[in-house]
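Asker: A single structure is presented below for examination.
Protein chains in written order, with this note's numbering: chain S, 1 to 163; chain A, 1001 to 1445.
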């Protein structure tokens, strides 16, 4: 997936920091040795690139919007982050697999994104920080016509933006 | 009888994307129809210099074959090739068991100064068994060679109507979405072609998804959903005028699933707001939105009954996606929604035939998504297709065929099936994926 644009936010203590960092694919830890970086370039010190906050994708069963207990844990981390950083905002992008009809799948992707939004709101994020959009089945990650592709396409992506 | 034809200016928008346009469909009849009427279509006689510009007989025979109701006889078997009714030896056709015979000529007219070559086409539909003429007609072009395919489809329509009593739908268009992938970059194209897949014109393209095209009842405009703005939004565009573009936006939320009311005065659509989708109507005259559904379930994919008396839609208010209908009057909802489908755990994206007899939709059975119909009144359901990812059913304007999208050999292709399920065919492009087909209304002449 595309790189996530991140604005540096003054370092706040991460409540989840003591936990074991998860295995995080797709995120490169950049350690260029510089301190006091003031540019918008994502760096290793960004809390969003570490631990539970580096997890950004929630997967679903066919025609379902139920969030698994495992995923609730990292969604909580994001809720705490949003709560502690009122200037941060996130887009919840809902997606569906290719099965079923296209317009229904837009609504289904939207329902999935809404389920994630409600968890974030329950745990302290504010509504003004969250935007829900759905692409239905139109932006698959995998193009195959089988369950191994479908399971990766039924998802919500958390995408942080600057400002 | 002389019928003069007047045509609108030929579309030129497609020329902007020459590499993506001019794609021809290959039509493959996957299931012929038993009991189709044998008919002989003789290659038309040519009166002009050089070679005949278009093989009208072949286009007509292919049209009739695609309907599933006719079985054109292989013209290599013909014992003669008459071009006028006076020169027909009926025994030559009775021996081939042809019920009917189509003959005709195409004539290059004298070219007027600085003007395009025009043509005169004459044809006769004959009853080979009785040895009588059923129909004879002459047509002249006024915009040259480009009209000849259209004239062939008009002749097919006349033959079809004369022999079946049902208005033909060959001289119609289809709109569809094509996806072309180059170096992992996807381009989405909204295209229109003749009903046989020829004369493709691209009317819009984007690197963002396009879906849900819907024809206006007069066939002059298309509403569709574009993601070009970053979220689902409704655009109305005239295929013949690329400047004529209108955006329909609700005050909040994303908009999708446009469907024109039969009188053209309103658009039914889905408004996506705060993670919930509801059906609204939008009145063009007042620019007002009226809410049609109101609950926490998914409500989407609205479409109209042909008399405008109800909206048919998909809702999962009962726990699974099913088809519902809700009565409409000119102010809004008239009565409570009624559930229409009860068989299966997934029924969605309904479309109603013009004659008001059938509702077609996507039906899940044993994990496969197929096109099914319900006959209104009896509520008997029939599954018409056989593969696993069939979607987007659309009726021909004469209610005899359904066009839909499917996956064949890992590619998106269009397919058609007769409403009785007997005749099936596939329309494949040489490259790219095709989806979201929608058959145009009858052309006004």
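Don't be surprised by glycine CBs; every beta carbon is placed ideally from N, CA and C. For clarity, every value in this text was computed on a predicted model and none was experimentally measured.
So for residue 1231/A, helix, strand or coil by DSSP?
Answerer: Coil at residue 1231/A, not helix or strand.
Asker: For residue 1277/A, which residues does DSSP report across the bridge?
Answerer: 1272/A
Asker: Between the Cα of residue 1064/A and the Cα atoms of 1040/A, 1046/A, 1082/A, 1054/A, which residue gives the shortest distance?
Answerer: 1040/A
Asker: Measuring only the C-alpha atoms, how far is residue 22/S from residue 1213/A?
Answerer: Low confidence applies here, because residue 22/S scores a pLDDT of 44, under 50, leaving its location unreliable; read the following figure in that light. Straight-line Cα distance between these residues: approximately 44 angstroms.
Asker: Which of helix, strand or coil does DSSP assign to residue 1076/A?
Answerer: helix
Asker: On the three-state DSSP scale, how would you describe residue 1282/A?
Answerer: strand
Asker: Mind checking if residue 1431/A is an interface residue toward chain S, Cβ cutoff 9 angstroms exclusive?
Answerer: Contact of residue 1431/A with chain S is not assigned, every C-beta pair being separated by 9 angstroms or more.
Asker: Can you give, in chain order, each stretch of the beta strand (DSSP E) that sits fully within the stretch 1397 to 1435 of chain A and has at least 3 residues?
Answerer: 1401 to 1408, 1411 to 1418, 1424 to 1429
Asker: For residue 1429/A versus residue 1413/A, is the C-beta spacing smaller than 9 angstroms?
Answerer: Between residue 1429/A and residue 1413/A, the gap from beta carbon to beta carbon is short of 9 angstroms.
Asker: Would DSSP call residue 95/S helix, strand or coil?
Answerer: It is a strand residue.
Asker: I'd like to know if the stretch 1123 to 1136 of chain A and the stretch 1171 to 1181 of chain A are in contact, where contact means that at least 3 CB-CB pairs between them fall below 8 angstroms.
Answerer: no
Asker: Count the CB pairs spanning the stretch 1324 to 1343 of chain A and the stretch 87 to 103 of chain S that are closer than 8 angstroms, and state whether there are at least three.
Answerer: no
Asker: Give a yes or no on contact between the stretch 1346 to 1357 of chain A and the stretch 1385 to 1397 of chain A, applying the rule of three or more CB pairs nearer than 8 angstroms.
Answerer: yes
Asker: Would you kindly check if the distance between the Cβ of residue 1271/A and the Cβ of residue 1265/A is under 9 angstroms?
Answerer: Here residue 1265/A is not near residue 1271/A, since their CB atoms are 9 angstroms or more apart.
Asker: How is residue 80/S classed by DSSP in three states: helix, strand or coil?
Answerer: The three-state secondary structure of residue 80/S, taken from DSSP, is helix.
Asker: Closer than 8 angstroms by beta-carbon distance: list the chain S residues that pair up with residue 1272/A, in chain order.
Answerer: 106, 107, 110, 134
Asker: Shortest alpha-carbon distance to residue 1201/A belongs to which of 1269/A, 1122/A, 1248/A, 1025/A?
Answerer: 1025/A
Asker: Leaving out five residues on either side along the sequence, give the residues of the same chain with a beta carbon under 6 angstroms from the beta carbon of residue 1283/A.
Answerer: Listed in chain order, the non-local C-beta contacts of residue 1283/A below 6 angstroms within the same chain comprise 1266, local neighbours out to five positions each way being set aside.
Asker: Would you tell me roughly how many angstroms separate the C-alpha atoms of residue 1154/A and residue 149/S, rounded to the nearest one?
Answerer: Put simply, the backbone Cα of residue 1154/A is about 45 angstroms away from that of residue 149/S.
Asker: With a cut-off of 8 angstroms, do at least 3 Cβ pairs link the stretch 116 to 123 of chain S to the stretch 1216 to 1229 of chain A?
Answerer: With a cut-off of 8 angstroms, the stretch 1216 to 1229 of chain A and the stretch 116 to 123 of chain S do not count as touching, because too few Cβ pairs lie within range.
Asker: Classify residue 1020/A as helix, strand or coil using the three-state DSSP reduction.
Answerer: Any reading at residue 1020/A must be qualified, since the residue scores a pLDDT of 46, below 50, and its modelled position is unreliable; the value itself is stated next. Correct three-state label for residue 1020/A: coil.
Asker: Quick check on residue 1162/A: does DSSP put it in helix, strand or coil?
Answerer: Looking at residue 1162/A - three-state DSSP - the assignment turns out to be helix.
Asker: For residue 1385/A, count neighbouring Cβ atoms within 10 angstroms of its own Cβ and tell me buried if that reaches 16, exposed if not.
Answerer: buried
Asker: Tell me, please, which residues DSSP counts as bridged to residue 1202/A.
Answerer: 1191/A
Asker: If you count every other CB in all the chains shown that lies within 10 Å of the CB of residue 1218/A, and 16 or more means buried, which is it?
Answerer: It is exposed - the Cβ of residue 1218/A has fewer than 16 other Cβ atoms within 10 Å.
Asker: Could you say if the stretch 1145 to 1159 of chain A and the stretch 1055 to 1072 of chain A meet the contact criterion of at least three C-beta pairs nearer than 8 angstroms?
Answerer: yes
Asker: I'd like to know if residue 1392/A contacts chain S, where contact means its C-beta is closer than 9 angstroms to some C-beta of that chain.
Answerer: yes
Asker: For my contact list, residue 1320/A and residue 1346/A are in at a C-beta cut-off of 8 angstroms; report their separation, rounded to the angstrom.
Answerer: 6 angstroms
Asker: Please list the partners that residue 1226/A has in chain S, where partner means a Cβ-to-Cβ separation under 7 angstroms.
Answerer: In chain order: nothing, as chain S lies at least about 11 angstroms away.
Asker: Could you have a look at residue 1328/A and say whether DSSP puts it in helix, strand or coil?
Answerer: strand
Asker: List the residues of chain S that residue 1275/A touches, going by C-beta distances under 7 angstroms, in chain order.
Answerer: 110, 111, 113, 114, 117, 132
Asker: Measure the CB-CB distance between residue 1210/A and residue 1221/A and report whether it falls below 9 angstroms.
Answerer: no
Asker: Do residue 67/S and residue 75/S count as a contact pair if the criterion is CB distance below 9 angstroms?
Answerer: yes
Asker: With 9 angstroms as the C-beta to C-beta threshold (strictly closer), list the residues of the stretch 1311 to 1323 of chain A near chain S in chain order.
Answerer: 1314, 1316, 1320, 1321
Asker: By the DSSP assignment, the alpha helix (DSSP H) with residue 1244/A in it spans what residues?
Answerer: Segment 1241 to 1248 is the beta strand (DSSP E) holding residue 1244/A; no alpha helix (DSSP H) there.
Asker: What does residue 95/S touch in chain A if you count any residue whose Cβ is under 8 angstroms from its own?
Answerer: Within chain A, no residue comes near residue 95/S; the closest Cβ sits about 11 angstroms away, beyond 8 angstroms.
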